[in-house]
Amino acid sequence: MNYQQILALLQAKFAGVRKDGLAQLARMIALQVTSQEEAQALIDKLDVEKVTETVKDYRKDVDKEVSEANKTYEGNLKKKFKFVELDDQTPADDPTKKTNPDDLQAAIKAAVAEVVKPLNDEIAALRGSKISESRLQMLTEKLGSCKDETFKAKVLKDFNRMSFTDDDAFNEYLTETETDIAAFNQDLANKGLGEQGKPMFGQKNNDGVSSGVASFIQSQTEKENSLGGKEV
């Protein structure tokens, strides 16, 4: 029979007694019985007065242990942070040099902060690494349309040296870089067209007709004139 079942039997009989005390008593009974019948027989022998007194004694022991543990903890804090009991060193009639009641609370807060700081630093570092990886991926995607590998390599190299105060600052940089990429690609395209030869019909005369088209019209006209005096 487990202790929870025994606790239920105790609560049914001693409804006004503290549960934590009955739980301790149930654990003690569980060590001595093997069946519900044995447990019930043992509980039937107990009376309210004895159980109440036992629980009170148990609570006294627990409270004493808690109090001593708190005193030990406070003493360790005072040693660590070198606190001094000002009331023991100053006259009782000097109200300006009384111990600050917030000192202990501040010390506890400082001790907790000291323990938590390495964990917070580690979390911040991981978060910063994830943000950097995400931003690098976004920049790399934008550079995918860049036609010049030298320009692309320079942008990536400069990015590794940069830092951004927040997402807005990075987004502004990303937009500017995207604009630079488009302008750079357009400049390369313009230079490429300038180096190509002009098409045969590309040059135009004063009438707005290309030289190639004008030559074609003239050849057709001369052919018709050569056939004008003959009967067909």
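Each step along the sequence shown adds one to the number in the UniProt record's numbering, with nothing skipped, and position 190 is 190. Backbone N, C-alpha and C define an ideal beta-carbon position, used for all residues, glycine too.
- Of the candidates N171, A183, A106, D158, the residue whose Cα lies closest to the Cα of S134 is N171.
- Shown here, Q32 sits in coil according to DSSP, grouped into three states, outside any helix or strand.
- Secondary structure remark: continuous alpha helix (DSSP H) runs of at least 4 residues inside the region 12–84, in chain order: 19–30, 36–44, 48–81.
- As for any alpha helix (DSSP H) of minimum length 4 sitting wholly inside the region 116–202, the runs are 149–159, 167–195, ordered along the chain.
- For the pair E49 and Y58, the Cα-to-Cα distance works out to about 14 angstroms.
- Burial state of V55 is buried, judged by a 10 Å Cβ sphere holding 16 or more other Cβ atoms.
- Between Q105 and K78, the alpha-carbon positions lie close to 12 angstroms from each other.
- Counting C-beta atoms within 10 angstroms of its own C-beta, I131 has fewer than 16 neighbours from the protein chains shown and is therefore classed as exposed.
- For S145 and E114, the gap between their C-alpha atoms comes out near 49 angstroms.
- For Q24, the closest alpha carbon among the candidates N2, K152, D180, S35 is that of N2.
- The beta-carbon distance between Q11 and L22, rounded to whole angstroms, is 6 angstroms. This is short enough to meet the 8 angstroms contact definition.
- Of the candidates N190, D166, A153, the residue whose Cα lies closest to the Cα of T177 is A153.
- The Cβ atoms of L188 and K147 sit closer than 8 angstroms to each other.
- A residue is called buried once 16 or more other Cβ atoms fall within 10 Å of its Cβ, and A8, having fewer, is exposed.
- Taking 8 angstroms as the cut-off, the Cβ atoms of I6 and A41 do not count as close.
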